[in-house]
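Residues 1 to 246 (my numbering) are what the sequence shown spells out, left to right. For reference, the structure is listed below as structure tokens.
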Amino acid sequence: MTDLERLNRKLAKFKTGDDAPEQTVAGGTDGIVSALLSEIEETILPREMVLTDENGTEFRLLVAGRRLLRVDGGNAAAPDSDDPADAVAAAFAGPLRSFLDQAGEISVAADRPRDRLDPTEIGCSVEALVAAAAQPPATPAADADPVSACLALCRAGLRLDADGGAETPVGDPDLVMRLQHFAEAALPTLAPPATRAMPRLTILRAARADDLVLAHVAARDGAALFLAPAEAQADLLSICRNAVPA
Numbered sequence: 001m002t003d004l005e006r007l008n009r010k011l012a013k014f015k016t017g018d019d020a021p022e023q024t025v026a027g028g029t030d031g032i033v034s035a036l037l038s039e040i041e042e043t044i045l046p047r048e049m050v051l052t053d054e055n056g057t058e059f060r061l062l063v064a065g066r067r068l069l070r071v072d073g074g075n076a077a078a079p080d081s082d083d084p085a086d087a088v089a090a091a092f093a094g095p096l097r098s099f100l101d102q103a104g105e106i107s108v109a110a111d112r113p114r115d116r117l118d119p120t121e122i123g124c125s126v127e128a129l130v131a132a133a134a135q136p137p138a139t140p141a142a143d144a145d146p147v148s149a150c151l152a153l154c155r156a157g158l159r160l161d162a163d164g165g166a167e168t169p170v171g172d173p174d175l176v177m178r179l180q181h182f183a184e185a186a187l188p189t190l191a192p193p194a195t196r197a198m199p200r201l202t203i204l205r206a207a208r209a210d211d212l213v214l215a216h217v218a219a220r221d222g223a224a225l226f227l228a229p230a231e232a233q234a235d236l237l238s239i240c241r242n243a244v245p246a
């Protein structure tokens with residue numbers, strides 16, 4: 001039995017009947033919450049879990065590294081602090097708990113989230129490096145602020161604060177939302193902000209069918225996460241060739 005099948009079996013709240021007595025959760029909502037927390041505790045790779053009741057109401061949970069990172073669905077009361085964990089806890093204890101309590105049946109689907117990385121896609125090709133080396137020198141403005149220069153070439157971007165959190169969105173709102181989700185789930189362990197003068201450009205995902213490159217740039221105390229057209233890759237690499245002037 002797979003993890004998902006086991007979770008389905010634990011979470012399903014069927015109306016009383018003799019056809020599936022083993023799928024009735026003992027303890028009502030408390031039993032379901034316990035099973036859900038157990039599944040989160042066992043999840044290492046990122047997964048998006050979708051819980052759906054008999055009326056089609058959905059709750060989406062983003063789970064990674066044995067942690068619940070996001071709860072989407074319902075209207076949670078605003079937490080008293082700015083800590084994202086407080087918002088997740090409030091949504092879990094409030095709207096999600098009520099959703100589980102009121103549902104007659106719950107189905108579960110789980111998959112890798114679309115905002116994810118494939119390790120085989122990290123980095124760029126030799127051809128891209130050759131094209132970057134052939135580019136003319138970066139302008140003085142780009143040398144002085146490579147983060148802003150990279151964001152000027154992107155379709156969507158997030159300028160990051162000193163702790164790696166999203167600070168200023170740039171470009172297409174839908175793409176920005178995907179970047180925010182990715183930043184919450186994976187960015188802190190993949191590309192910490194730089195504190196040195198030499199810019200660092202990390203190609204996190206090569207261009208796919210949508211023709212966008214996912215990259216992170218950092219220089220001194222500035223950093224950004226962005227999606228840029230594939231044809232801008234040589235320019236992006238060229239921008240990050242020189243040290244930032246003191």
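C-beta atoms are modelled at their ideal positions from N, C-alpha and C, and glycine is treated no differently.
6 Å CB neighbourhood of residue i in its chain, flanking five on each side removed
i, result
"Ala26", "Here Ala26 scores only 41 on pLDDT, less than 50, and its place in the model is too uncertain to base an answer on."
"Glu54", "Gly104 and Glu105"
"Ala132", "Ala234, Leu237 and Ser238"
"Ser107", "Thr52"
"Arg241", "none"
"Ala134", "none"
"Asp172", "Arg155 and Ala156"
"Ile40", "Val63 and Leu68"
Strand pairing of residue i, partner residues [DSSP]
i, result
"Thr52", "Glu58 and Ser107"
"His216", "Thr202 and Leu225"
"Gly171", "Ala156"
"Val63", "Arg47 and Leu68"
Residues of its chain near residue i, where Cβ-Cβ distance is below 8 Å and the 5 sequence neighbours each way are ignored
i, result
"Pro21", "Unreliable placement is indicated for Pro21, whose pLDDT of 39 sits below 50; the coordinate value is still reported in the next sentence. Nothing meets the Cβ criterion."
"Val88", "Leu68, Leu69, Arg70 and Val71"
"Glu167", "Leu158, Arg159, Leu160 and Asp161"
"Asp19", "With a pLDDT of 43 at Asp19, under the threshold of 50, the predicted position of this residue should be treated as unreliable, though the coordinate-derived value follows. Excluding residues within five positions, none has a Cβ falling inside 8 Å."
For residue j and residue i, believed in contact at Cβ under 8 Å, the rounded distance
i, j, result
"Glu184", "Leu69", "6 Å"
"Pro146", "Pro199", "4 Å"
"Gln180", "Leu204", "Between Leu204 and Gln180 the Cβ distance is about 15 Å, and since that is not below 8 Å, they are no contact."
"Arg306", "Leu175", "Missing from the structure shown is residue 306; the chain here goes from 1 to 246 and no further."
Member of the options whose CA lies at the smallest distance from the CA of residue i
i, options, result
"Val33", "Arg60, Arg220 and Phe92", "Phe92"
"Val71", "Gly65, Thr57, Pro95 and Gly56", "Pro95"
"Arg66", "Glu58, Ser38 and Val50", "Ser38"
"Asp161", "Glu48, Thr52 and Ala223", "Ala223"
"Ala110", "Ala133, Ala64 and Val130", "Ala64"
"Phe226", "Leu45, Arg97, Leu100 and Val213", "Val213"
"Val248", "Glu42, Leu62, Thr43 and Glu41", "There is no way to answer for residue 248, as the model of the chain reaches only from 1 to 246."
"Thr57", "Thr43, Gln102, Cys240 and Asp211", "Gln102"
"Asp211", "Ala197, Asp221, Ala232 and Arg220", "Ala232"
"Ser98", "Ala85, Gly73 and Leu45", "Gly73"
"Ala230", "Arg178, Glu127 and Ser148", "Glu127"
Contacts around residue i, its chain only, beta-carbon distance under 7 Å, and the 5 residues preceding and following it disregarded
i, result
"Leu236", "Cys150, Leu153, Leu201, Ala215 and Ala228"
"Pro169", "Leu158 and Val176"
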